[in-house]
Each structure stands twice: as structure tokens, then as C-alpha cells.
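Student: Residue numbers (the working numbering), protein chains in the order written: chain A, 11 to 171; chain B, 11 to 171; chain C, 11 to 171; chain D, 11 to 171; chain E, 11 to 171; chain F, 11 to 171. Note that CB positions come from ideal geometry on N, CA and C, so glycine has one too. Just so it is clear, the structure is predicted and the values come from calculations on it, not from any experiment. This is the structure I have questions about; it appears just below.
6 protein chains.
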Amino acid sequence: MAGIAIYPGSFDPITNGHVDVIQRGALLFDELVVAVGNNPGKRGYWFDLEQRTDLVKTCCAKLDNVRVIAFSGLMVHAAQNNGANVILRGLRALSDFELEFRNGLANRDLSGLETLFILTEPQNIFVASSLVREIAQNRGDVSRYVPAAVNRAIAEKLGAP
Amino acid sequence: MAGIAIYPGSFDPITNGHVDVIQRGALLFDELVVAVGNNPGKRGYWFDLEQRTDLVKTCCAKLDNVRVIAFSGLMVHAAQNNGANVILRGLRALSDFELEFRNGLANRDLSGLETLFILTEPQNIFVASSLVREIAQNRGDVSRYVPAAVNRAIAEKLGAP
Amino acid sequence: MAGIAIYPGSFDPITNGHVDVIQRGALLFDELVVAVGNNPGKRGYWFDLEQRTDLVKTCCAKLDNVRVIAFSGLMVHAAQNNGANVILRGLRALSDFELEFRNGLANRDLSGLETLFILTEPQNIFVASSLVREIAQNRGDVSRYVPAAVNRAIAEKLGAP
Amino acid sequence: MAGIAIYPGSFDPITNGHVDVIQRGALLFDELVVAVGNNPGKRGYWFDLEQRTDLVKTCCAKLDNVRVIAFSGLMVHAAQNNGANVILRGLRALSDFELEFRNGLANRDLSGLETLFILTEPQNIFVASSLVREIAQNRGDVSRYVPAAVNRAIAEKLGAP
Amino acid sequence: MAGIAIYPGSFDPITNGHVDVIQRGALLFDELVVAVGNNPGKRGYWFDLEQRTDLVKTCCAKLDNVRVIAFSGLMVHAAQNNGANVILRGLRALSDFELEFRNGLANRDLSGLETLFILTEPQNIFVASSLVREIAQNRGDVSRYVPAAVNRAIAEKLGAP
Amino acid sequence: MAGIAIYPGSFDPITNGHVDVIQRGALLFDELVVAVGNNPGKRGYWFDLEQRTDLVKTCCAKLDNVRVIAFSGLMVHAAQNNGANVILRGLRALSDFELEFRNGLANRDLSGLETLFILTEPQNIFVASSLVREIAQNRGDVSRYVPAAVNRAIAEKLGAP
């Protein structure tokens, strides 16, 4: 399909589930803008905005029509500033559903942009950044859930045990 | 966006919720194929396939890039036969979610076609063909939930009270 | 509270969960009209309308401000014909939620009547007429889930094992 | 209906969804007590208790049988101190359901007071104080979701951009 | 673990999701009784009880501590007649949850037997007999979802296209 | 059943719902290890690890095959260090479901240990440590929800009103 889609998230850190959505989204649109956000209402990210953005860039380096940006403020402004004409989101398990619905309607109210939802692969249904953080902070192995570059960044962040 | 999307359903009958998805979907794709299906496993439709298809055609007559077809058998075959490169579905309330997820993954397995989900307008969240049938069969007024042509077809079907 | 509430259902058969809602609803309103319905779209009841209504009457005999009626057609018409100014429904588990929401909004559209929902006692959360029918049809003991009169009616219906 | 209902919440800030419940609740009861609470376990409100209460009062000024109070401690004590004989809550989307169920049963255990749930208008289903705070803190327009007085209070709170 | 578990279902037909639960359950218990049931309240199975039982037997032939039985009537009676001291069920997606909860509590009421739930592999989360039937009846390929013996039985049942 | 099960949680504090799971779990396994955890990612427990562990020990004192331990770090390491060959969890309401599913699959990935879920008694479905904390911090009576020893510990912690 022609058109530019924006795929926003906090990517703290990017997981195999995110990569799955990015790879499949890149096949559907002329360009996919992966937008790494800073939510001012949120207390404390694990990785800072620069690190999160760099890791996303590393994981998307081979995808020609994917562009990675960082943003703060309203996501729909980042969408408009980057020429996106649709928002892309991955749907995983049910717990996402209502928040995604709420955000999708609010974003349409704020900007006129529609949100299109794509399905996550079943094996990634339960892979979430929060799960990765919990296991890694307890010194567990997260290499099944994240790209190799993220696994190395986590090991470096946590230092020698 | 360029590309052809297929929007399948049984449309028994088409409601304002369906029309909402069709109108907004038509803005997102070069062409939207509305595909009215006959599910062999289902017991008894209220309107037959020809009537359902005709009502959808009437309701979409003013939308230039919408084409209405009838199909039986696997939906993904109808999608492929009509050149669709993506499946469009509306997401309403939560009860849709798991069935849509299941069907979306199965359709990807069967055909490689992705399903993109679009949000229904909140005022249409609870508008469903089953609700329309229930109220109409009890001689209640369904004019809030269906296009005028459908309302007339229902009145005709039910005859004078 | 003053006012007349209608508590509609198919009561096929009435369970301890229904009785719980009726007893507590009767304390909240001047009068509670328990309305036993025949849904024309439904295939086959276990007990017929007269039996279902009689069993509800038996179970509510000691509640002075409870009146039991049978109805067919739209429930809101029965509500209006019986002077109800509000609809009462019990909320059990989650699976009820969306259907109740849909019906509540449709009934407000059709009649202006609001629906008020009351919580079911936890021990009755999973007690449903469908469960009673399934167990009884397999000759299991349902005496935990239904009033004694219903248990006798079921035994009589099923005959000697 | 006769009787006094209490409608508790944190109203941080009051939204069009709350106003919808208050207006419809006021038609159902002799008096509706809107109770603005301070939950000691909660970290940081956006507006303080006095501001939240004043905004609710402003938004309810034209409703004769609505009284607005502030409370801290257990809500059921506020209910009893204000003569309420029932608790009123709005049901929106599914995510509310289990928490409301839990609170409703606990409040019945603590006080004997029943909770009655009323349906939110579909267009308000996704309107929540948390959504308003998120958008406003990112300098987005929330005028669709809150009464004019709240919109002004937010603009004042956030100052010139 | 020592002990005999019963794993009941209608297996119409047995899928890879069922096989996954059986294989993993067989590792947890001394003996696993797979119980193929006939629910008198259900309208029409796709395969009859004998065919369903034979297919389950074929798929479990290499599992030494798995025994396959057919039953009708109450499942807990089959459990007791076969010496089971616990019921095993697989949990897939959310839609199973409430029905499983209801049945689990009812079975405890009826027999004192606890139900233990095991998680389905993510790739099997959306694999259900109903999906297999729908696709196969439309002449789609179900070989991803069922063991080879089931695939052959379906082809035979449907005959040449 | 033979075998050692681990039942992990934060037990802040232990409730009647936990005790119900422990009592029934103790009947199913040779030994049940109740494991009281410290999650490093969590902000602030109400009772510290020693108090929580002591209260669990007090409440399980009469159960011969129940052993209580405290742990930090990954739960699956505690499981392996204590010889557990299965993880036991109670399933309450729906809100637990997805988190439990996610954790169960992650724990299988990390350790090969399966999680078995047991149903909570309906009367305990809405009893949660968070509810107990909320009510107690507002000086409400929680004696319906916790064992007597916990009730005394809470009274002591909160001091004279």
C-alpha cells in the first residue's frame, strides 16, 4: 500500500514482538515511521530516550522503508510532522484492547488520523517490555524475547552479576 | 493508501455500524471490496444472500471506490479472486476481539493476507445485526440502527403488524 | 426507594441467583415486577412459559411487593404496560457484561427507561439456568442451585432415572 | 424514585462522562449526593480536593437535587453520614467491571448499602479523567471531553504554553 | 506427580492444541485418562463418538500412560469410575475462562474433584475444533492445526472436492 | 498426588483467599512450598518481607505438609532450590488471567516448570491483598477477609485510631 504509517511506542526496550510488527508493517506501507516517545506523565524509564531510540534504529537497520524518530508531546503531532496518514498499532492480548480503543478514538478526535491494528504473531502474544524488565532485573535470561543488540545493552546496563 | 482491501461479513442485514466502517475504509484504500458471505456452517439467515447483497449495494451506491460482491466458501479465496491485498475488519466491543484474532491468524495462515482492524465509532459500538433482528422480530423500531433502505426492507419482510 | 422496577428474564428455570436478585431488588423499590419472557428468536425452552411463570410465582410467594407476569414481544412494552419506571438486572460474571450493556442501551433508545444493575452474591456468580439444565439433563444433583420447588419440578420432568 | 443516592469518585477532573451520569442519576432519585474523595493510598492528584470539589459544584449548579460534598476515609461512612441509602456508579467499558464488582461487594459487606450501576452513554465510554490529564499535559485540546469550566481550569493550571 | 488425571472434551476433532495438553499432562501425572464425551444437550457432532474416540486413540498411541475412554452422562461420574483424583483442563484464550471457571466449580460441587488448569502453548492459543471444522467445511487446508491422522479422516469425510 | 508444588506470592498480607488455595493445594501434593517474595521492581510493601513471611507461617502452622520460605530474585530459582516440580497458582477473577498466562509461559521458558492453576472459592473471588490494604488504611473492618492473626497485625500496625 502507498502511504506513510507511524508506529508509536515507548520501546523500553524494543522486543521481538515490536520487531515482528515493524517487519510486517513495513510490507504494508510505503514508509513506516517508528516513533519512540517520552510520556511526561510516566515515572522513570529503564532506558533513556536516546538509548531506546538507538536500540530501535539498530534493530531496524536492514529495513529500507523504516525511519526511526524520537518524539515528546502528543504523538499525533509527531505523526503530522512526519507526514503520516495513518497510525499503526499491534494488537496482542486482550489487556491491550480497551486502552488501544480509547487512544485510537482520542487520536482520531485530535487529528483525524485513523489507527489501523495489526495482529501480533501468537508466539509474541505475551512478550512485553515490562516482562523483559522484570526478568532481566532479577538476572534471568531474556534472550528469547529481545533482539541480540538489546540483550547486550541489558547485560551492559546490569553489569557483572 | 493504494491497494485493495476486502471487508467481509454476513450483513444480515447491513447496519449503520457497517456503513461507518465502509465509509471510513473507502478513504483509506484505492478500492474497498465489500464481500457478502454465505457460511455453510450457519443455520438460517434472516435475509437470503441476494437480498443481503442488494441492500449492501444500495447503501454503498454513492461510494465510488466501493465494490460489492457475494461469495461462498473460504473468504480468503474471494479476497484473492478479487485482487485484495489486505483484509479490513471493524473492531467494536470486546466480545469481537478473540474471534477476530482467531480468524485473522487463520486467514494469514491460509493466504498470507494480513488483517487490518479499524475502530468503530462509539455510537455504533453496540449496533449489531443480531440486535436489529431481535428488535425487529418483536416489532420494535430499528430505524436508529440501519440505513433507510434496510428499514424499508425489514418492514416489507415483516408485513403489516 | 419509591418506584416500580421490572426484572425481566427467561427463568428457564429460576435459580438461586435469580431469587437473590429478586429478594434484594424487592428491598430497593416499592414494587418489583418479575417478567417471564418468551423470546421468539430462541429455539426451544426447557420449561414452557406457563411452567416457568408458575415456578417464579412459587418462589416469590412470600415477597409482598413482588408481582410476577408473563410477556412476549418487546420487554420494554411489558415494562410500560406494567407501570415500571426502571429496569433491574443482575450482573454476574464478565460474560454478561457486553450483552447487558447492548440491551440496556437499546432499551433506553426504545423506551427511555434506564437499566439499573445490581451485583449478584459471589456464591451465585456461576449459577445460571444453562448450568442447571446441563447438570440435570445428565441426572446430576442441582439442589444447590435452585429452590426446592424447582428441584421437584425438574425431578418430575425427568421422571424416574 | 424516592431515596438518596451517593455517587462517589475522585473527579480529577470531572468529565462529560461524569456529568452524564449525574444528570441521569438526578432523574432517578430524590437526591443525588456527589461525593469527591481523597484516597490516602493514591499518589498525587492533579487537582487538589478543594479544586476538584469546586469544579464539580460548578458543573452541577443547575441541578436542584444534586448536593456536592468532599470526603476522606471510607466512602461508605460518607454515604451513611449523608443519609444515602444506595450507591450509584456508572459502568463504562469492560475494564471498570471487575474493580467495580469488587468495590460494590466490599461496600455491601462494610455497610449493607447496595450499589446500583447505570450505563454511560456510548459517546462517553472512553472519556476518563486519566485521558483528559494525559492529553492536557501534552498541550492537546480536551474541550470535547470536559465541561467549559474544567477546560478553563486546566488552561489556567497549565499557564501559557 | 503420582495420581490419575482425567482430561475431558468432545474432541470433534482432536487438534494439535489438545495433543499439546495431553503430552504435557502425561508428564505430570502417573496416568492421564483422555475422556471423549457425548453432551446430550448439544446438537450434532461432526464426527460421531466412535470416530472421535478412535482418532484420539490414534494420536495418543505412543504415550504409555495415556488411556482413552468414551463417556456419556456427567463427566464427574466418568472421572470417578476411572479412578481419577483430579480433572485436567487446558486454558487457552480468555473466552474459555468463565465457562471453565463455572464448570470447575460445578464439578467440585458435584464430586469433590478439583480441576487443575494447564497453559496451552502460544502457537496453539487460537487452534480450536470449531476453527478446524469451519475451514475444512469450506475446503481449506487444516493440516497446520491437526495431527496427520485427523487430516486424513477429514479428507475422507469430505470426499473428493 | 506426589510431588512438590511451589505457591509464590507477595502475601501483603495473606488473605482468606490465599489460605483457601493453600489448604486445597496441600491436599493435592506431597508438599506445598509457600514462597513469599520480594519483587525488586515494586515500590514499597505494606508489611516487610519478614512480617509477611511470619504471618504466612502463623496461618499455615497446622498444615503438616506446608513449608513457608522467603525469596528474592527469580521465583523459578526459588522453585528449583526447594525441589518444586510444579508451580501452583490460584485463579480468581478475569483480571488475573492474562498476567498469570504471561507469567506461566515465561516461567516455563525460564525453567521448564509447568504452572497448574486451581480455582478460588467464589466467596473469595474478590478478596485481594490490595482490597484489604485499602479498607484497613481507611480504618474499615477487614476481619471478613483475613485470618485473625493478620487482623491483629493490621490493628497493631495502624495503632489506636
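#1: Any chance the stretch 108-118 of chain D sits against the stretch 136-147 of chain D, with 3 or more Cβ pairs inside 8 Å?
#2: Does chain A have any CB closer than 9 Å to the CB of L101/D?
#3: Straight-line CA distance for Q147/A to L168/A?
#4: CB-CB under 8 Å to N134/C, same chain, minus the five flanking residues each way: which ones, in chain order?
#5: What does the alpha-carbon distance come out to for the pair V78/B and V44/B?
#6: Hey, out of L65/F, L129/F, M85/F, whose CA is closest to R118/E's CA?
#7: Find the residues of chain G that neighbour G83/E, judging by a C-beta separation of less than 8 Å, and give them in chain order.
#8: To the nearest whole angstrom, what separates the beta carbons of L18/E and V160/E, a pair I think is in contact under 8 Å?
#9: Should E124/F and V96/F be called a contact, given that it needs their Cβ atoms to be closer than 9 Å?
#10: Counting only beta-carbon separations shorter than 9 Å, does F127/F have a partner in chain C?
#11: Determine, for L123/C, whether the minimum Cβ-Cβ distance to residues of chain B falls below 9 Å.
#12: Can you name the residues of chain A whose CB is closer than 7 Å to the CB of G150/D?
#13: For G35/C, count neighbouring C-beta atoms within 10 Å of its own C-beta (all shown protein chains included) and say buried if the count is 16 or more, exposed if not.
#14: Return no unless some Cβ of chain C is closer than 9 Å to the Cβ of R77/D.
#15: Is the beta carbon of P157/F closer than 9 Å to that of T68/F?
#16: Among G83/A, V66/A, S82/A, which has the Cα closest to the Cα of L42/A?
#17: What number of angstroms, rounded off, separates the C-alpha of I16/D from the C-alpha of D106/F?
#18: In the structure shown, what three-state DSSP assignment does V43/C receive?
#19: Identify the continuous beta strand (DSSP E) that holds R99/D and give its terminal residues.
#20: Return the CA-CA distance between V86/A and L59/A, expressed in angstroms with no decimal places.
#21: I'd like the list of long-range same chain contacts for N75/A, defined as Cβ closer than 8 Å, with 5 residues on each side in sequence excluded.
#22: Give the interface partners of I145/A over in chain E, defined as CB-CB distance under 7 Å, in chain order.
#23: Please check if any C-beta of chain C sits within less than 9 Å of the C-beta of S59/E.
#24: Tell me the DSSP secondary structure of R34/A in three-state form.
#25: What do you get for Q71/C, buried or exposed, if any count of 16 or more other CB atoms within 10 angstroms of its CB means buried?
#26: Does the beta-carbon distance from G83/F to R99/A come in below 9 Å?
#27: By Cβ distance below 8 Å, which residues in the same chain neighbour F57/A in space, the five residues on each side in sequence not counted?
#28: What does A116/A touch in chain D if you count any residue whose Cβ is under 8 Å from its own?
#29: With DSSP run on the structure shown, which of helix, strand or coil describes S2/B?
#30: Taking R154/E as the query, report the chain B residues whose CB atoms sit under 7 Å from its CB, ordered along the chain.
#31: Taking S20/E as the reference, which of K52/E, V152/E, G13/E has the closest Cα?
#32: What residues are listed by DSSP as bridge partners for S82/A?
#33: Could you give the residue range of the alpha helix (DSSP H) that holds A146/A?
#34: Thinking F127/E and L126/F are a contact (beta carbons under 8 Å), I'd like their distance in whole angstroms, please.
#35: List the endpoints of the continuous beta strand (DSSP E) containing I16/B.
#36: In this structure, how does DSSP classify F107/E when only helix, strand and coil are distinguished?
Tutor: The structure says:
#1: No: the two stretches stay apart, fewer than three of their Cβ pairs being nearer than 8 Å.
#2: False, the Cβ-Cβ gap to chain A never drops below 9 Å.
#3: Those two C-alpha atoms are separated by around 8 Å.
#4: Answer for N134/C: T25, N26, G27, D30, R102, listed in chain order.
#5: Spanning the two alpha carbons is a distance of roughly 5 Å.
#6: In terms of CA proximity to R118/E, L129/F leads the group L65/F, L129/F, M85/F.
#7: No chain G is part of this structure, whose protein chains are labelled A, B, C, D, E and F.
#8: At residue 18/E the sequence reads Pro, which differs from the Leu that was named. No, P18/E and V160/E are not in contact; Cβ-Cβ is about 19 Å, not under 8 Å.
#9: The answer is yes: Cβ separation under 9 Å.
#10: No, F127/F lies away from the interface with chain C (no Cβ there is under 9 Å from its Cβ).
#11: Answer no: the Cβ-Cβ gap between L123/C and chain B never drops below 9 Å.
#12: Result: L84, L120.
#13: That one is buried.
#14: Proximity of R77/D to chain C, defined by a Cβ-Cβ separation below 9 Å, is not satisfied.
#15: The answer is yes: Cβ separation under 9 Å.
#16: In terms of Cα proximity to L42/A, the closest of G83/A, V66/A, S82/A is V66/A.
#17: I16/D and D106/F have their C-alpha atoms spaced approximately 30 Å apart.
#18: Strand at V43/C.
#19: Bounds of the beta strand (DSSP E) holding R99/D are 96-101.
#20: Taking the Cα positions, V86/A is about 18 Å away from L59/A.
#21: Closer than 8 Å at the Cβ level, and outside the excluded window around N75/A, lie A36, F39, D40, E41, L42.
#22: Here the premise fails: no neighbours, minimum Cβ distance about 17 Å.
#23: Checking the sequence, you will find Leu at residue 59/E rather than Ser. Taking 9 Å as the CB threshold, L59/E stays off the interface with chain C.
#24: Three-state result, R34/A: helix.
#25: The identity of residue 71/C in the sequence shown is Ala, whereas the question assumes Gln. Note on A71/C: under 16 other CB atoms within 10 angstroms of its CB, so exposed under the neighbour-count rule.
#26: For G83/F and R99/A, no; Cβs fall outside 9 Å.
#27: For F57/A, same chain residues with a beta-carbon under 8 Å away, outside a window of 5 residues either side, are D22, P23, L65, A163, K167 in chain order.
#28: Per Cβ cutoff of 8 Å: F136, L141, I145.
#29: Nothing about residue 2/B can be read from this structure; chain B reaches only from 11 to 171.
#30: Going along chain B in sequence order, the residues near R154/E (Cβ under 7 Å) are D119.
#31: S20/E has its Cα closest to that of K52/E, out of K52/E, V152/E, G13/E.
#32: Residue pairing by DSSP puts S82/A in a beta bridge opposite N48/A.
#33: Taken as a continuous stretch (DSSP letters only), the alpha helix (DSSP H) holding A146/A covers 139-147.
#34: Cβ atoms of F127/E and L126/F come within 8 Å of each other, at about 7 Å.
#35: Here the beta strand (DSSP E) through I16/B covers 14-19.
#36: F107/E: helix per DSSP, three-state reduction.
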